Ligand code: PMP
Ligand code: GLN
């Protein structure tokens, strides 16, 4: 193994995906729907590959199929409050993962510091390490109020955050809405981050793959729309999330041409281009959504959160009836739940893993029910902040969620 990959051998999705499959567990672990995506998007893929344009089966433009980047410019222009140049201010890669990888590789020099807010989507840390950068962590801390929390009760300490910025800081990765917590950052919180980015001349990588999954009463604000932030922000999106097709693996980065260029330089030599039919289908699917933006009841980008809301309620009730204490997410489709007040002990498995890893492994083997241990979303030194929580995914068929409820009710 190349030296620069040492320390990144473990992967939570590989390990816990395998464990769930081995035990045929009811799976509220990895984030993907267990029911079909919107039919019109599937139809667009069928149309793309069965139509009479034979070039659909061949390579397309490296930085994104022209149809797709044009459509994305049209979709995001109004949300970003500016005209987007589709050829220079947007780039496409293999999922949001691909965009994040291109951004980190394309922008970070060895020794550069990158601030990561905990809990964080686990790939940020190894990506920064592989680029030779130094991840610097700052945790969201839950309010000490007992009982059920909202993800809004998890906050950054302004002084702690500002103490992490220095002349060595190259970038900050903000995940809004956040995975695993579901936090949707408020305008005040984003302004605080933005002010520090401007003061220290820092780039913001804003991972907004859950941008459409924001629950009533909450508003998703793009940090790129705050004054002075467009110039220094790469906004990351994902077709897999927008259309509930995680297997399609198509992502986009939007930002100023001089930053986007850095992602493209990496992408053109390491990936070159993404599958043409997938790009065409996503473009046509989004073309349709654009015509429905003023009809929220017909626009999948808006109905998705409405469809998820009762699922969120159902899961929260099942978990709290059982004795876990869920944090109700303002966005996304995951829920963190505190397992430290459960009135039973699980046997020690002899590993020196954090408690949540042991808990999920035991639950998967013994109860055929699986989730994701939350300390995987914390840096090594902060594992103790994560180990009393477990993450559950609720973009699942109602029947799956009901089964989970029954399993918890009949636990003994
Ligand atoms: N960012 C976050 C916060 C995620 O949860 C995920 C998971 N899919 C990704 C990025 C990667 O997205 P994609 O599947 O489009 O690569
Ligand atoms: N983003 C998804 C999750 O958080 C899946 C990530 C993955 O499978 N690598 O569950």
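Numbering (UniProt numbering), first residue to last: 54 to 465. By construction, the Cβ of each residue, glycine as well, lies at the ideal position given by its N, Cα and C atoms. Because the structure is a prediction, the values reported are computed rather than measured.
Using C-beta distances below 8 Å, list every residue in its chain close to residue i, excluding the 5 sequence neighbours before and after it, in chain order.
| i | result |
| --- | --- |
| residue 256 | 160, 223, 224, 225, 250, 285, 286, 287 and 312 |
| residue 74 | none |
| residue 321 | 115 and 116 |
| residue 314 | 141 |
| residue 468 | Residue 468 lies beyond the stretch modelled for the chain, which goes from 54 to 465, so this question has no answer here. |
Mind checking which residues open and close the alpha helix (DSSP H) that includes residue i?
| i | result |
| --- | --- |
| residue 365 | 353-375 |
| residue 451 | 451-462 |
| residue 149 | 148-160 |
If I follow the unbroken beta strand (DSSP E) through residue i, where does it start and stop?
| i | result |
| --- | --- |
| residue 179 | No beta strand (DSSP E) contains residue 179, which is instead part of the alpha helix (DSSP H) from 177-183. |
| residue 288 | 286-291 |
| residue 468 | Here the chain comprises residues numbered 54 to 465, so residue 468 is not present and cannot be evaluated. |
| residue 167 | 166-171 |
| residue 260 | 256-260 |
| residue 429 | Here residue 429 belongs to no beta strand (DSSP E), and DSSP marks it neither H nor E. |
| residue 140 | Taken as a continuous stretch (DSSP letters only), residue 140 belongs to no beta strand (DSSP E), as it is neither H nor E. |
| residue 27 | This structure cannot speak to residue 27, because the chain is shown only from 54 to 465. |
So which of the options has the shortest CA-CA distance to residue i?
| i | options | result |
| --- | --- | --- |
| residue 128 | 414, 65, 228 and 340 | 340 |
| residue 454 | 419, 118 and 79 | 79 |
| residue 440 | 123, 427 and 77 | 427 |
| residue 432 | 273, 192 and 422 | 192 |
| residue 205 | 189, 183, 231 and 215 | 231 |
| residue 396 | 377, 82, 282 and 93 | 377 |
| residue 97 | 330, 413 and 445 | 330 |
| residue 271 | 281, 89, 235 and 216 | 235 |
| residue 136 | 201, 310 and 367 | 310 |
| residue 419 | 389, 430, 460 and 176 | 460 |
| residue 214 | 202, 227 and 203 | 227 |
| residue 239 | 208, 266 and 217 | 208 |
In chain order, what residues of the same chain have a beta carbon less than 6 Å from the beta carbon of residue i, not counting five sequence neighbours either side?
| i | result |
| --- | --- |
| residue 125 | 143 and 305 |
| residue 221 | 166 |
| residue 365 | 447 |
| residue 185 | 163 |
| residue 416 | 422 |
| residue 449 | 87 |
Leaving out five residues before and five after residue i in sequence, what residues of the same chain have Cβ atoms less than 7 Å from its Cβ?
| i | result |
| --- | --- |
| residue 526 | Residue 526 lies beyond the range of the chain shown here (54 to 465); nothing can be said about it. |
| residue 333 | 101, 109, 118 and 120 |
| residue 190 | 169, 171, 432 and 435 |
| residue 294 | 262 and 263 |
Are the C-beta atoms of residue i and some chain C residue less than 8 Å apart?
| i | result |
| --- | --- |
| residue 422 | No chain C is part of this structure, which consists of one protein chain only. |
CB of residue i to nearest heavy atom of the ligand GTP: below 7 Å?
| i | result |
| --- | --- |
| residue 294 | The ligand GTP is absent from the structure shown, which contains only the ligand PMP and the ligand GLN. |
Those runs of the alpha helix (DSSP H) which lie wholly inside the stretch 187-220 and span at least 4 residues:
211-217
| task | Counting only runs of 4+ residues fully inside the stretch 262-335, write out the alpha helix (DSSP H) ranges in chain order. | result | 292-295 and 310-323
Can you list, in chain order, the stretches of the alpha helix (DSSP H) that have 4 or more residues and sit fully within the stretch 69-136? 92-103 and 119-133
### Task
Pick out the complete beta strand (DSSP E) segments inside the stretch 216-252, 3 residues or longer, and give them in chain order.
222-228
Q. What runs of the alpha helix (DSSP H), each 4 residues or longer, lie entirely inside the stretch 386-449?
A. 408-420 and 436-439
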